[in-house]
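2 protein chains.
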Amino acid sequence: MADLSRLSLNTITVREQWTLAQCIEGCARHGIPGISPWRDKLAAYGLERATRHIRDAGLHVSGLCRGGMFTLPNAIEDNKRAIDEAAALGADCLVMVVGGLLPGSKDLARARGMVADGLAAVLPHARAAGVKLALEPLHPMTCADRAVLSTTAQALDLADALGDGVGVALDVYHIWWDPEIARSIARAGSRILGFHVSDWLVPTRDTALDRGMMGDGVIDIPDLRAQVEAAGYHGLIEVEIMSERDWWRRDPDEVLGVMKERFTSAV
Amino acid sequence: MADLSRLSLNTITVREQWTLAQCIEGCARHGIPGISPWRDKLAAYGLERATRHIRDAGLHVSGLCRGGMFTLPNAIEDNKRAIDEAAALGADCLVMVVGGLLPGSKDLARARGMVADGLAAVLPHARAAGVKLALEPLHPMTCADRAVLSTTAQALDLADALGDGVGVALDVYHIWWDPEIARSIARAGSRILGFHVSDWLVPTRDTALDRGMMGDGVIDIPDLRAQVEAAGYHGLIEVEIMSERDWWRRDPDEVLGVMKERFTSAV
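Quick mapping for you: the protein sequence lines, in order, are chains A and B.
According to my numbering, the first sequence is numbered sequentially starting from 1.
According to my numbering, the second sequence is numbered sequentially starting from 1001.
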C-alpha cells in the first residue's frame, strides 16, 4: 500500500470547509507532504502570500488546478496566467481540464480542435516558464460540460502532437473503466505527470460532486497504482474528492485523518 | 432527417404509464411501425398473447430488451429464455446489457471474462433459434453496476472473438463522446444490429434515468445516424428514453406525439 511520504492533498477535498491558508496549516499539522491548490482559493489568498506560506510549511506542490477550458472566452490569456502561477509555486505540473462543448454547440470535433489549438498556443509560454502541462482525461460523463478529452489514449495522441513539455495527469476516478487503460498507461511512461485517487461509489448520485474516499467504492486503486509505477511514475499521489453529500460536510481534520488512513490501506 | 417508417418505440420510454398492451395499441394509433419490448412487461402480458397482439397490430419488433447480466446468478438459463422469447417475437435481435462488476468485487477483468464466457455459453442456443445477439456498449458511467462493456471497439473485439450471430447495438446516448466512434462504426459495418436514439442533457441529474428527448440535448444525432447508415445499417431506429423527471411524468400520447415530431426534425 502507498507510503504517506507520497501523499498530496488536493484542496478541493475540503473546499467547503477551509481556505487555502487553512489547508496549508492542515497539511503541516497532519504531516502531509504535498498540496495541490485550486486557483480560486489561490487568488483569494494571494499568490505571493500563498507561495511563501507553502514554502515555509515545507510542502511540495504536486500540481496546480487548473488550466484549460479552451472552449470558453479568454482562455489563452487565462492559461498564461495559470502557467505563471504554477511557475511561482514550483508546481510539478499545471493540470489541464480542457473544456467541454462550446456553449450552444453540438460540434464535438470543433471543440476538440479548439482544445488542440489552445494548448499549442500556450505551450511556448509554458516551456519558457518551465511548467509542464498535464492533460487530464476526464470521465466521459463530463464530455459535454467540462472536458472533451475522454480517454488516456486520446490524451496521449494529443501529447504526441504537441511535443515536449506536455504529459498526462491520470485520475483513477476518470480512467478505471477504460478497457484500454493498461495499454495506455504503459504507453504513457515518463509522460505521467500526476496521479490522482478517490473512489467510484455505487450508486453515484451526481456526475461531478459524488466521489468517494478510497476504499469506499469499486475501483481497484492498488492495481492502477502498480501500473502507473511500472510505467515509471513515482511522484506524489493526490487525493481529490468532491463530495457534496459526505466529505464536504465533515470536520476537515477528520477528513484528513481518514484520508491518511485510507492512503495506507486502500491505495 | 429520419423517416417515420423507421421509427420504433422502445417501451421503456413510457414504462411508468403504459402496459405492453397499451404500448402496442399506442404504436398502432400513432402509426409507429416498430416496437422494442422489455422482458418484465412481456412476462406480465404473457409471451403468446403479446406475440399475437404485436403481429395483429402489424408491428415489427426491432429488438428485445434485454439479455445479458452475466455477472449475476443464473444468467445462462435466463439468457436462453430471453433468446426463446426473441425468437417467438421475431425480433431483429436480442439486446445484451452484459452486466457490471460482480457483487462486492472490484475485479473488472474477471467481470469482463465472465461476460465473454457467458456469451459463448448461450451463443449456440441463439444460433439454433436464429436470434442475433446485439452487444450494447453502455456509457462508462454504468460500468460498475450495469455493463462492463464500455466502448464500441471493445464490443467489436468481443464480437470478433465470438463469431457468427453476434453484432452490436449502438445507442447515441452511450457512444457520442467516444473519440474512436467514427472508426468503430465504420469497422462495425454489417454487424450493426440496432440503432437507438435519445439525447444527453446538460446538466444530467442521474446516471441512469435522466435521458432527454432528441433535440433537447447536445448529441449530434443526425451525424451519428449518417455514419451508421454509411456503414450499412438501414433498419429500425429505436427511441429509448428513461426520464424520471420529465417524460415518465407526461401523458404517454403526448410523449409519442413529441417523439414522432423530433424523429423527423432532430434525428
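Glycine included, every Cβ here is placed at the ideal spot set by N, Cα and C.
This structure is a prediction, so every number in the text was calculated from the model and none was measured.
State the Cα-Cα distance for the pair residue i and residue j, rounded to the nearest angstrom.
{"i": "residue 210 (chain A)", "j": "residue 1117 (chain B)", "result": "33 Å"}
{"i": "residue 178 (chain A)", "j": "residue 1056 (chain B)", "result": "45 Å"}
{"i": "residue 1111 (chain B)", "j": "residue 1097 (chain B)", "result": "13 Å"}
{"i": "residue 1159 (chain B)", "j": "residue 52 (chain A)", "result": "58 Å"}
{"i": "residue 268 (chain A)", "j": "residue 85 (chain A)", "result": "Shown here, chain A extends from 1 to 267; a query on residue 268 (chain A) therefore has no answer."}
{"i": "residue 208 (chain A)", "j": "residue 58 (chain A)", "result": "32 Å"}
{"i": "residue 88 (chain A)", "j": "residue 180 (chain A)", "result": "36 Å"}
{"i": "residue 1175 (chain B)", "j": "residue 147 (chain A)", "result": "16 Å"}
{"i": "residue 1108 (chain B)", "j": "residue 1139 (chain B)", "result": "15 Å"}
{"i": "residue 22 (chain A)", "j": "residue 79 (chain A)", "result": "26 Å"}
{"i": "residue 75 (chain A)", "j": "residue 39 (chain A)", "result": "14 Å"}
{"i": "residue 247 (chain A)", "j": "residue 16 (chain A)", "result": "9 Å"}
{"i": "residue 1195 (chain B)", "j": "residue 1151 (chain B)", "result": "15 Å"}
{"i": "residue 197 (chain A)", "j": "residue 240 (chain A)", "result": "6 Å"}
{"i": "residue 1050 (chain B)", "j": "residue 237 (chain A)", "result": "57 Å"}
{"i": "residue 233 (chain A)", "j": "residue 1219 (chain B)", "result": "37 Å"}
{"i": "residue 235 (chain A)", "j": "residue 267 (chain A)", "result": "14 Å"}
{"i": "residue 173 (chain A)", "j": "residue 1077 (chain B)", "result": "35 Å"}
{"i": "residue 1044 (chain B)", "j": "residue 1189 (chain B)", "result": "36 Å"}
{"i": "residue 1046 (chain B)", "j": "residue 1157 (chain B)", "result": "36 Å"}
{"i": "residue 1018 (chain B)", "j": "residue 1203 (chain B)", "result": "28 Å"}
{"i": "residue 1054 (chain B)", "j": "residue 1064 (chain B)", "result": "13 Å"}
{"i": "residue 1068 (chain B)", "j": "residue 1048 (chain B)", "result": "23 Å"}
Taking the Cβ atom as the reference point for each residue, do residue i and residue j lie within a distance shorter than 7 Å?
{"i": "residue 1012 (chain B)", "j": "residue 1242 (chain B)", "result": "yes"}
{"i": "residue 1035 (chain B)", "j": "residue 1004 (chain B)", "result": "no"}
{"i": "residue 144 (chain A)", "j": "residue 100 (chain A)", "result": "yes"}
{"i": "residue 1072 (chain B)", "j": "residue 1083 (chain B)", "result": "no"}
{"i": "residue 1182 (chain B)", "j": "residue 1231 (chain B)", "result": "no"}
{"i": "residue 102 (chain A)", "j": "residue 162 (chain A)", "result": "no"}
{"i": "residue 90 (chain A)", "j": "residue 61 (chain A)", "result": "yes"}
{"i": "residue 221 (chain A)", "j": "residue 213 (chain A)", "result": "no"}
{"i": "residue 165 (chain A)", "j": "residue 191 (chain A)", "result": "no"}
{"i": "residue 1007 (chain B)", "j": "residue 1041 (chain B)", "result": "no"}
{"i": "residue 1002 (chain B)", "j": "residue 1263 (chain B)", "result": "yes"}
Please name the residue or residues paired with residue i in a DSSP beta bridge.
{"i": "residue 1210 (chain B)", "result": "B:1243"}
{"i": "residue 1096 (chain B)", "result": "B:1067, B:1135"}
{"i": "residue 1174 (chain B)", "result": "Paired residues: none, contrary to the question."}
{"i": "residue 199 (chain A)", "result": "A:212"}
{"i": "residue 38 (chain A)", "result": "A:65"}
{"i": "residue 237 (chain A)", "result": "A:7, A:195"}
{"i": "residue 168 (chain A)", "result": "A:135, A:192"}
{"i": "residue 1060 (chain B)", "result": "B:1034"}
{"i": "residue 1147 (chain B)", "result": "B:1099"}
Is residue i close to the ligand PLP? I mean its beta-carbon at under 6 Å from any heavy atom of the ligand.
{"i": "residue 153 (chain A)", "result": "Among the ligands in the structure shown, none appear at all, so the ligand PLP cannot be discussed."}
By Cβ distance, which residues of its chain are closer than 7 Å to residue i, with the 5 residues on each side in sequence left out?
{"i": "residue 193 (chain A)", "result": "92, 93, 132, 134, 167, 168, 169"}
{"i": "residue 1153 (chain B)", "result": "1180, 1184"}
{"i": "residue 1155 (chain B)", "result": "1135, 1137, 1149, 1168"}
{"i": "residue 14 (chain A)", "result": "23, 252, 255"}
{"i": "residue 125 (chain A)", "result": "80, 83"}
{"i": "residue 265 (chain A)", "result": "1, 215"}
{"i": "residue 106 (chain A)", "result": "none"}
Identify, in the order they occur along the chain, each residue of the same chain with its Cβ nearer than 6 Å to the Cβ of residue i, setting aside the five sequence neighbours on each side.
{"i": "residue 217 (chain A)", "result": "199, 200, 201"}
{"i": "residue 37 (chain A)", "result": "11, 20"}
{"i": "residue 1141 (chain B)", "result": "1207"}
Going along the chain, which residues of its own chain have a beta-carbon closer than 8 Å to the beta-carbon of residue i, five neighbours each way excluded?
{"i": "residue 114 (chain A)", "result": "70, 71, 99, 102"}
{"i": "residue 30 (chain A)", "result": "253, 256, 257, 260"}
{"i": "residue 1205 (chain B)", "result": "1245"}
{"i": "residue 1025 (chain B)", "result": "1057"}
**Asked** Does the region 1251 to 1259 of chain B touch the region 251 to 262 of chain A, meaning 3 or more C-beta pairs lie closer than 8 Å?
**Response** When C-beta atoms of the region 251 to 262 of chain A are compared with those of the region 1251 to 1259 of chain B, fewer than three pairs fall below 8 Å, so the two segments do not count as touching.
**Message:** Would the region 1167 to 1174 of chain B count as touching the region 211 to 227 of chain A if we require 3 or more Cβ pairs under 8 Å?
**Reply:** In the pairwise beta carbon analysis, the region 1167 to 1174 of chain B is classified as not touching the region 211 to 227 of chain A: fewer than three pairs are separated by under 8 Å.
**Prompt:** Would the region 1131 to 1138 of chain B and the region 130 to 141 of chain A be scored as touching if the rule is three or more Cβ pairs under 8 Å?
**Reply:** no
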